[in-house]
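Undergrad:
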Amino acid sequence: MRLGKAIKIIVIVVPLLVVALVVGAIAVLMTTDFNQYKPLIAEETKKATGRDLVIAGDLELGISLTPSVSVSGVTLSNAKWGKRPEMIKVERFEAQMSLIPLAFGIIDVTRIVLVGADILL
């Protein structure tokens, strides 16, 4: 009889803990200002490419089974000898990722959307 009661408690408590963790994670994500990371993103882009990245719009996180990140007003500077100052101008950029790899710290981008992209090749 005690084993049945223990199983009953586990069946009730474990799902409640999972739901509490998910709700807590969503609450943290919804209250975090992701714009604080714009300088870091620009700095890392500069290190990797030698070019200046400007993110004029807000960084937005889409929370779903296919999480996404979107931003508007993105420009990447051109080389000094280039024909124009910006190599890339994008009105809106969105990237969707796979949820399960993301849970393990792996970024698996499944879809990229560029709206109003002007790319100098």
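Numbering (the numbering used here), first residue to last: 2 to 122. All C-beta atoms, glycine included, are put in the ideal place defined by N, C-alpha and C. Quantities reported herein were computed from a predicted structural model and do not represent experimental measurements.
1) Leaving out five residues before and five after residue 108 in sequence, what residues of the same chain have Cβ atoms less than 8 Å from its Cβ?
2) How would you label residue 78, buried or exposed, when you count the other beta carbons within 10 angstroms and need 16 or more for buried?
3) What distance in whole Å lies between the Cβ atoms of residue 88 and residue 115, which are believed to be in contact at a cut-off of 8 Å?
4) Closest to residue 40 by CA distance: which of 57, 27, 18 and 33 is it?
5) Starting from the Cα of residue 59, find the closest Cα among 42, 51, 46 and 52 and give me that residue.
6) If you count every other CB in all the chains shown that lies within 10 Å of the CB of residue 105, and 16 or more means buried, which is it?
7) Assign residue 23 to buried or exposed, taking buried as 16 or more other Cβ atoms, counted over all protein chains shown, within 10 Å of its Cβ.
8) Taking its Cβ as the centre, do 16 or more other Cβ atoms sit within 10 Å of residue 72, making it buried, or is it exposed?
9) Am I right that residue 65 and residue 96 are in contact with their C-beta atoms under 8 Å? What's the rounded C-beta distance?
10) Report the start-end ranges of each alpha helix (DSSP H) in the stretch 59 to 84 that is 4 residues or longer and not cut off at the edges.
TA: Answer, in terms of the structure:
1) Along the sequence shown, read from residue 1 onward, the residue named residue 108 stands at position 107. Within the same chain, residue 108 has close Cβ partners 98 and 102.
2) Translated into positions along the sequence shown, residue 78 becomes position 77. Under this definition residue 78 is a buried residue.
3) As a working mapping, residue 115 is identified with position 114 in the sequence shown. As a working mapping, residue 88 is identified with position 87 in the sequence shown. The Cβ separation is near 14 Å, so there is no contact.
4) Residue mapping note: residue 40 aligns to position 39 of the sequence shown, counting from 1. Selected option, being the one with the closest Cα: 57.
5) Here the question's residue 59 lines up with position 58 in the sequence shown. Residue 59 has its Cα closest to that of 42, out of 42, 51, 46 and 52.
6) In the sequence shown, counting from the first residue as 1, residue 105 sits at position 104. Burial call: exposed.
7) For the purposes of this step, residue 23 is taken as the residue at position 22 of the sequence shown. Result: exposed.
8) One-based indexing of the sequence shown puts residue 72 at position 71. The residue is buried, with at least 16 neighbouring Cβ atoms inside 10 Å.
9) Taking the first residue of the sequence shown as 1, we reach residue 65 at position 64. Taking the first residue of the sequence shown as 1, we reach residue 96 at position 95. Residue 65 to residue 96, Cβ: 13 Å. No contact.
10) Runs of the alpha helix (DSSP H) inside the stretch 59 to 84: none found.
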